[in-house]
Amino acid sequence: MSSTATKSDGRGRPKVRPSILGDRKPSARASAAEREQDIYDAIVASVMGQRLKPGTKLPELALCELFGVGRSLVQKVLQRLAHDHVVQLRPNRGAIVAMPSPEEVGQLFEARRALEASILPLVAERATRANYASLRRQLREEHKAMHRYAQTQWAGLASAFHLRLGELSGNPILYRYLSEIISRCSLVVALFQPPGNATCEHEEHVRVVDYLEQGNVRAAQKEMKRHLIDLEHHIHLVEESTDQSLADMLGLAAE
Ligand SMILES: [Zn+2]
Ligand SMILES: [Zn+2]
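Per UniProt numbering: the sequence shown = residues 1 to 255.
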């Protein structure tokens, strides 16, 4: 993966601003569980949409004010987000939007390549002609949808193909690990893929299916490996910025 610093636009690590999260203040009537889900969804959407950048501070009090809820609810949401690797909880320093290290990202993609390579022979062994037909139909529909949507949503659409292969492996345990890894990869891609850098993966997906249906597992694995390495190469990890002003570091800068 390349670790080119993306433009840091001179803001260091901004504090979360109301405009970033949109007008999502839950109504007073919503149940605690609904409010928790609303806040969780709002933060995930902002991260996936690249409005909340890696490393952005998420102070509990600010979130309480923004969402009009109590501290225990905010803490619950932050715990869930940490469990899902969307935020990192730093002892005594509060939560930030996740900023995985190059090592972690490398390990994540390494694990994904290993898992997907082991799933392909099972698919080749177990998938029926009808399965392949529906897989191709799904690919065509996703491809059409992809070009209709903003690029920030492409990762989710592209993941569906990989998840379907996981299902076709017929092994629910492998599927569960795969879906966890894929959602973590999608998050990393959303965090670090510069806008406009998403590529259409349709042809690559089709080639994997072609090889599988021909029973050429080796070629399918090779194609998949190349495809996943490409995906990893599109990630540009943001380097720790060292040009923060004191106001930035104290979280006092308005912009
Ligand atoms: Zn793909
Ligand atoms: Zn295309």
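Cβ atoms here follow ideal geometry from the backbone N, Cα and C, with glycine treated the same way. A quick note: this is a predicted structure, and the numbers were derived from the prediction, not measured.
Distance, Cα to Cα, residue i vs residue j?
i: residue 157; j: residue 145; result: 8 Å
i: residue 237; j: residue 47; result: 15 Å
i: residue 92; j: residue 129; result: 56 Å
i: residue 221; j: residue 131; result: 19 Å
i: residue 123; j: residue 102; result: 31 Å
i: residue 127; j: residue 105; result: 31 Å
i: residue 59; j: residue 213; result: 51 Å
i: residue 53; j: residue 125; result: 43 Å
i: residue 84; j: residue 44; result: 10 Å
i: residue 112; j: residue 120; result: 12 Å
i: residue 343; j: residue 76; result: Residue 343 lies beyond the stretch modelled for the chain, which goes from 1 to 255, so this question has no answer here.
i: residue 33; j: residue 182; result: 27 Å
i: residue 114; j: residue 227; result: 13 Å
i: residue 163; j: residue 230; result: 18 Å
i: residue 215; j: residue 209; result: 10 Å
i: residue 138; j: residue 51; result: 30 Å
i: residue 41; j: residue 178; result: 22 Å
i: residue 171; j: residue 199; result: 30 Å
i: residue 135; j: residue 147; result: 19 Å
i: residue 133; j: residue 169; result: 16 Å
i: residue 190; j: residue 165; result: 22 Å
i: residue 116; j: residue 225; result: 8 Å
i: residue 260; j: residue 89; result: Absent from the model: residue 260. The displayed extent of the chain is 1 to 255, so no value can be given.
Which residues mark the beginning and the end of the alpha helix (DSSP H) in which residue i is found?
i: residue 143; result: 129-148
i: residue 124; result: 102-126
i: residue 213; result: 202-213
i: residue 169; result: No alpha helix (DSSP H) contains residue 169, which DSSP labels as neither H nor E.
Can you find the residues in the same chain that come closer than 6 Å, C-beta to C-beta, to residue i, ignoring five residues on each side of it along the sequence?
i: residue 201; result: 158
i: residue 109; result: 232
i: residue 192; result: 235, 236 and 237
i: residue 161; result: 205
i: residue 140; result: none
Which same chain residues, not among the five before or five after residue i, have their C-beta less than 7 Å away from its C-beta?
i: residue 207; result: 223
i: residue 211; result: 219, 220 and 223
i: residue 87; result: 58, 78, 81, 95, 96, 97 and 98
Using beta carbons (cut-off 8 Å, strictly below), is residue i in contact with chain B?
i: residue 199; result: Among the chains of the structure shown, chain B does not appear; only one protein chain is present.
Got a sec? Which residues, its chain only, sit under 8 Å from residue i by beta carbon, not counting five neighbours each side?
i: residue 167; result: 175
i: residue 188; result: 100, 105, 108 and 235
i: residue 71; result: 60, 61 and 64
i: residue 30; result: 38
i: residue 118; result: 174
i: residue 217; result: 120, 121, 124 and 211
i: residue 149; result: 157
Completely contained beta strand (DSSP E) runs for the UniProt domain "HTH gntR-type" (33-100), where each covers 3 or more residues = 87-90 and 94-97
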